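Protein chains in written order, with the numbering used here: chain A, 1 to 503; chain B, 1001 to 1169.
Note that the Cβ used here is the ideal one computed from N, Cα and C, for glycine as well.
Keep in mind that this is a model prediction, so the values were computed, not measured.
Input: a single structure, listed below in structure tokens.
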Amino acid sequence: MFEGIAPALAALANAQVIGFVILGSIIGLVAGILPGLGNIQAMAVALPFTFGMDRLTAIYFLSSICASATYGGAIPAILVNIPGTPANAATTIEGYPMAKRGEGTRALSISATASALGGLIGIASLVVSIPIVKPLVLFFGPPETFMLVLLGMVTIAYAVQQNMIRGLATAGVGVLLSLVGFSPVTGVFRFPLGSSQYLWDGIQDVAFLTGIFGLSEAIRSGMDARKGVPAAEIIHAGFHGALQGVKDVFEYPWTLVRSSVTGIIVGIAPGIGGSVSNVVAYAMTAQMSKDPMFGKGSIEGLIAAESSNNATYGGDAVPTLAFGIPGSAAMAVLMAGLTLHGIPVGPWLMKEHMEIVWVVVFGLVAGTLFSCLVGFLVARWLARITTLPMGLVMPVIVMLILAGSFAVRQNYWDVLVTIGSGIFGFFLVSHGYSLLPVTIGFLLAGAAELAFIQALYISEGSPLIFLKSPVSLILLLSSIAVALYPVLKSRLLEKERRHEKAA
Amino acid sequence: MKKLLEGATILNLFMLVFTLYCVILALGYGRNSRMFPLAIGIPAAILLALSIAALWKPAILRGADVHLGDSSAGEPNIDEIREAKYAPSHVAAMIGWLILAAVAIGLIGFRFAVPLFVLLFAHFEGRAKWLTAVMVALFTWAFVVGYFELFMKFGMFRGVLFGDMLPLY
């Protein structure tokens, strides 16, 4: 379990790495504070910038961005009543009323402490899961790997899309987009889209992901180009009450632990992240709490919201690192970062590259602690970032994305692919589609096809190989169950309704 | 006819056409090369066709609706919220800005396109004052050139007007 920990720690002792961890935390904080941006967009923009770094530095950098945005999002949620990220939606309900009655610093302090502790509990769950999950990955040969990818795609289509059919359809489109180009598995140049040279290497991960996550959000921000929060709307907070906020968190240890565990469980489920966990944990606390201030500035509610959303990252990282199935969109970008630096993602990551697992663990810890500490100390000034109109921020982000996507291979067509995928992503979200199924399909297609072909080679072409192994069979049945669940549930509900009408 | 020109229909048709293109081409490949694309492409095409049909008859997809914790039951349709939020002219303008960025990078390269795009967007779309727009443009230019060209030693695209050739497509 502890192999690989030494190189990961040794890298963290390097001044350059520490510098990038600090920079990543600041980038994550600022992205979290700016409404409309979050860790996914910040990581997507930063992804090409890691190209010249060594791989451990790059993963430290991306992990620290990933961990720091959620606390950043709590700052405008408390001081401006605007959640910086979707994962801070419940924070506004309790944080802003506290700030309005003059307890802004206390709320920021509660939020920083609960975020840090929740984040650490989540990361601890990741560490605890390593010795449990690591032996499991040894059971994964080609048929099991293919079925695992299938289950991952079906689960994500179920979890993030309002409709199963639309989710699966877009995941299929993502897979096909990934198959464009020369196939190293079969040696054929497939689906050339009129290209004679450029698409030989396929659609590039970085160009596609920075476009679909980063640029699509930038287009949406551009729609609100003239909007910014008037400075007068930001509630002033001093330092009075900071220590009380830290003490408050320790007065509700069960709320902290229960909400963090909720965050971890939600995180482990592929595809859903902090935006769901903070609402679920908050709703659970609302049902159990006897606090008369609940909904009007309750300390307990704030702890629940902020500990759960930060604990989610630890849970998100479990399926990502153990099986190569991203626990959230941010983890999908992190996976792309691993691929960009030549690190194979999938069940074999824990077998062959334990140092990467530890780098992610330490990167998340460092990002969480740094962002909560620094974020809290300068929150009152950082909140002013929300006054920046998106009309100034959007063109900067667009140009950073386009320059970054060009720099990876220094090919002008990558710029056009980024713009194309950004527009595609914008229209997908505009019409109620989640970006995750198409992205997961795109990222996992290569591994899925390799496993599919290898399995059929082993069985000399017989598809029965997918049913012979018990693990593969269980995964297949689980995929079918997840895919059919909404249909069966809808039939049952209809039947119940008919019975009620008849009664 | 009106429905055919709606954004949701065009998006779904675009995805369906791409999927069918892959399926048809895959049929001509060897056994190993076509198996996986067909295994994914054919079901995806059917599901996309259902999605398009559901734009006229929403009941087709209702059975596959996912209500996690039943929280979304009774909420307004996301399509309606988003489509109402963004006027088509505004969406077209935003895409126009991106096309302008791509053309500018192609013609005059990153060194000139970066400050020009930031300056024009910040002033005309963001309604920033000229001085503010110039400062933001210069900062972005310094960062892009400083990081990629000076620090990373990457040769950024200089544009066809300054002697760089577009790579073969």
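request  = Kindly say whether A/Ile423, judged by its beta-carbon, lies nearer than 7 Å to any beta-carbon of chain B.
outcome  = What you label residue 423 of chain A is simply residue 423 of the first sequence in a count that begins at 1. Chain B, which has a Cβ nearer than 7 Å to the Cβ of A/Ile423, makes this yes.
Distance between B/Ala1102 and A/Met53 (C-alpha atoms, nearest Å) = To locate residue 53 of chain A, count along the first sequence from 1; it is residue 53. To locate residue 1102 of chain B, count along the second sequence from 1; it is residue 102. Whole-angstrom Cα-Cα distance: 27 Å.
task = Would you mind working out which of A/Ala305, A/Ile356 and A/Val408 sits nearest A/Gly324, comparing C-alpha positions?
result = Here residue 324 of chain A refers to the residue found at position 324 when the first sequence is read from its first residue. Taking only the C-alpha atoms, the option nearest A/Gly324 is A/Ile356.
ask   = Where do the ends of the alpha helix (DSSP H) carrying A/Met354 lie?
value = For the purposes of this step, residue 354 of chain A is identified with residue 354 of the first sequence, where counting begins at 1. That run of the alpha helix (DSSP H) goes Met354 to Leu377.
query = Taking A/Ala67 as the reference, which of A/Ala42, A/Ala77 and A/Tyr282 has the closest Cα?
reply = If you number the first sequence from 1, residue 67 of chain A lands on position 67. It is A/Ala42.
message = Going by DSSP in three states, A/Phe189 sits in which element: helix, strand or coil?
response = Working through the first sequence from its first residue, we reach residue 189 of chain A at position 189. Note: A/Phe189 maps to strand in three-state DSSP.
task = Answer yes or no: do A/Ala44 and A/Gly214 have a C-beta to C-beta separation smaller than 7 Å?
result = The sequence position of residue 44 of chain A within the first sequence is 44, counting from 1. The sequence position of residue 214 of chain A within the first sequence is 214, counting from 1. Their beta carbons are under 7 Å apart, which means A/Ala44 touches A/Gly214 by this criterion.
key: A/Val149 burial status per 10 Å Cβ neighbour count (16 or more: buried)   = The sequence position of residue 149 of chain A within the first sequence is 149, counting from 1. A/Val149 comes out buried.
request  = Please report how far the alpha carbon of A/Leu321 lies from the alpha carbon of A/Gly19, in whole angstroms.
outcome  = Within the first sequence, the letter at position 321 stands for residue 321 of chain A. Within the first sequence, the letter at position 19 stands for residue 19 of chain A. Roughly 25 Å separates the two Cα atoms.
key: Euclidean distance between Cα positions of A/Val429 and A/Leu243   = On the first sequence, residue 429 of chain A is found 429 positions in, with the first residue counted as 1. On the first sequence, residue 243 of chain A is found 243 positions in, with the first residue counted as 1. About 42 Å.
inquiry  = Give me the chain B residues within the contact set of A/Thr439, using Cβ-Cβ distance strictly less than 9 Å, ordered along the chain.
reply    = Taking the first residue of the first sequence as 1, we reach residue 439 of chain A at position 439. Chain B residues near A/Thr439: none, gap ~14 Å exceeds 9 Å.
query = Of the choices A/Arg491, A/Gly152, A/Gly461 and A/Val393, whose alpha-carbon is the least far from that of A/Leu477?
reply = What you label residue 477 of chain A is simply residue 477 of the first sequence in a count that begins at 1. The shortest C-alpha separation from A/Leu477 is found at A/Gly152.
ask   = Would you call A/Asp201 buried or exposed, if buried means 16 or more other Cβ atoms sit within 10 Å of its Cβ?
value = As a working note, residue 201 of chain A is residue 201 in the first sequence. When all chains shown are included, A/Asp201 counts as exposed.
inquiry  = Quick check: A/Ala317 and A/Asn278, are their CB atoms within less than 7 Å of each other?
reply    = Counted from its first residue, the first sequence places residue 317 of chain A at position 317. Counted from its first residue, the first sequence places residue 278 of chain A at position 278. Going by C-beta atoms, A/Ala317 is not nearer than 7 Å to A/Asn278.
message = So the candidates are B/Ile1060, B/Phe1139, B/Ala1026 and B/Val1134; which of them puts its Cα closest to the Cα of A/Arg166?
response = Mapped onto the first sequence, residue 166 of chain A falls at position 166. Selected option, being the one with the closest Cα: B/Ile1060.
message = Less than 7 Å between CB atoms is the rule here; does A/Ala169 satisfy it with respect to chain B?
response = Here residue 169 of chain A corresponds to residue number 169 of the first sequence, with the count starting at 1. Yes, because at least one Cβ of chain B sits closer than 7 Å to the Cβ of A/Ala169.
query = Do you know how far the Cα of A/Ala157 is from the Cα of A/Pro437?
reply = Taking the first residue of the first sequence as 1, we reach residue 437 of chain A at position 437. Taking the first residue of the first sequence as 1, we reach residue 157 of chain A at position 157. Answer to the nearest angstrom: the Cα atoms are 6 Å apart.
key: CA nearest to the CA of B/Leu1098, picked from A/Ala455, A/Gly422 and A/Tyr433   = Translated into the one-based positions of the second sequence, residue 1098 of chain B becomes position 98. Of A/Ala455, A/Gly422 and A/Tyr433, the residue nearest in Cα terms is A/Gly422.
inquiry  = Going by the DSSP bridge assignment, what does A/Phe182 pair with across the sheet?
reply    = Locating residue 182 of chain A in the first sequence gives position 182, counting from the first residue. Paired residues: A/Phe189.
task = Less than 8 Å between the CB atoms is what I'm expecting for B/Cys1022 and B/Gly1041, so what's the real figure, rounded?
result = The sequence position of residue 1022 of chain B within the second sequence is 22, counting from 1. The sequence position of residue 1041 of chain B within the second sequence is 41, counting from 1. The Cβ separation is near 5 Å, so the contact holds.
query = Nearest-angstrom Cα distance between A/Gly367 and A/Ser260?
reply = Position 367 of the first sequence, counted from the first residue, corresponds to residue 367 of chain A. Position 260 of the first sequence, counted from the first residue, corresponds to residue 260 of chain A. A/Gly367 and A/Ser260: Cα-Cα distance of roughly 17 Å.
key: Opening and closing residue of the alpha helix (DSSP H) in which A/Gly441 lies   = Counted from its first residue, the first sequence places residue 441 of chain A at position 441. Unbroken alpha helix (DSSP H) run through A/Gly441: Leu435 to Ile458.
message = What does the alpha-carbon distance come out to for the pair B/Val1160 and B/Ala1104?
response = Numbered from its first residue, the second sequence carries residue 1160 of chain B at position 160. Numbered from its first residue, the second sequence carries residue 1104 of chain B at position 104. Cα to Cα, B/Val1160 sits roughly 10 Å from B/Ala1104.
message = Which residues in chain A have a C-beta closer than 7 Å to the C-beta of B/Leu1020? List them in chain order.
response = In the second sequence, residue 1020 of chain B corresponds to position 20, counting from 1. Those do not exist, as B/Leu1020 stays about 10 Å from chain A at its closest Cβ, beyond 7 Å.
task = Please list, in chain order, all residues of the same chain as A/Ala31 whose beta carbon is under 8 Å from its beta carbon, the five residues on each side excluded.
result = Residue numbering aside, residue 31 of chain A sits at position 31 when the first sequence is read from its first letter. So the qualifying residues of the chain are Leu37, Gly38, Asn39, Gln41, Ala42, Ile65, Ala69 and Gly72.
query = Between B/Thr1009 and B/Leu1055, is the Cβ-Cβ spacing less than 7 Å?
reply = Here residue 1009 of chain B refers to the residue found at position 9 when the second sequence is read from its first residue. Here residue 1055 of chain B refers to the residue found at position 55 when the second sequence is read from its first residue. Cβ atoms of B/Thr1009 and B/Leu1055: closer than 7 Å.
task = With 8 Å as the limit, tell me which residues of the segment 326-358 of chain A have their beta carbon closer than that to any beta carbon of chain B; keep them in chain order.
result = none
key: Interfacial residues, the segment 392-412 of chain A to chain B, with Cβ spacing under 8 Å   = Leu392, Met394, Pro395, Val396, Val398, Met399, Leu400, Leu402, Ala403, Phe406, Ala407, Gln410, Asn411 and Tyr412
inquiry  = Give me the chain B residues within the contact set of A/Glu449, using Cβ-Cβ distance strictly less than 8 Å, ordered along the chain.
reply    = Here residue 449 of chain A refers to the residue found at position 449 when the first sequence is read from its first residue. Those are Phe1036, listed as they occur along chain B.
ask   = Looking at the unbroken alpha helix (DSSP H) that takes in B/Trp1130, where does it start and where does it end?
value = The count along the second sequence starts at 1 and reaches residue 1130 of chain B at position 130. Element bounds for B/Trp1130: Trp1130 to Val1144.
Under the three-state DSSP convention, the category A/Asn411 falls into = Working through the first sequence from its first residue, we reach residue 411 of chain A at position 411. Residue state, collapsed to three classes: coil.
key: Interface flag, A/Met223 vs chain B, CB-CB below 7 Å   = Taking the first sequence and counting its residues from 1, the one referred to as residue 223 of chain A is at position 223. At least one chain B Cβ lies under 7 Å of A/Met223.
task = Check whether the Cβ atoms of A/Val21 and A/Met350 sit closer than 7 Å, and answer yes or no.
result = To locate residue 21 of chain A, count along the first sequence from 1; it is residue 21. To locate residue 350 of chain A, count along the first sequence from 1; it is residue 350. Their beta carbons are not under 7 Å apart, which means A/Val21 does not touch A/Met350 by this criterion.
request  = Under the assumption that A/Ser405 contacts A/Thr418 (Cβ atoms under 8 Å), give the Cβ distance between them as a whole number of angstroms.
outcome  = The count along the first sequence starts at 1 and reaches residue 405 of chain A at position 405. The count along the first sequence starts at 1 and reaches residue 418 of chain A at position 418. 4 Å between Cβ atoms; contact.
request  = Assuming A/Pro326 and A/Met335 form a contact by the criterion Cβ under 8 Å, report the distance between their Cβ atoms to the nearest whole angstrom.
outcome  = Taking the first residue of the first sequence as 1, we reach residue 326 of chain A at position 326. Taking the first residue of the first sequence as 1, we reach residue 335 of chain A at position 335. Indeed, because the Cβ distance is near 5 Å, the residues count as touching under 8 Å.
Interfacial residues, the segment 173-184 of chain A to chain B, with Cβ spacing under 7 Å = Val173, Val175, Leu176, Leu179 and Ser183
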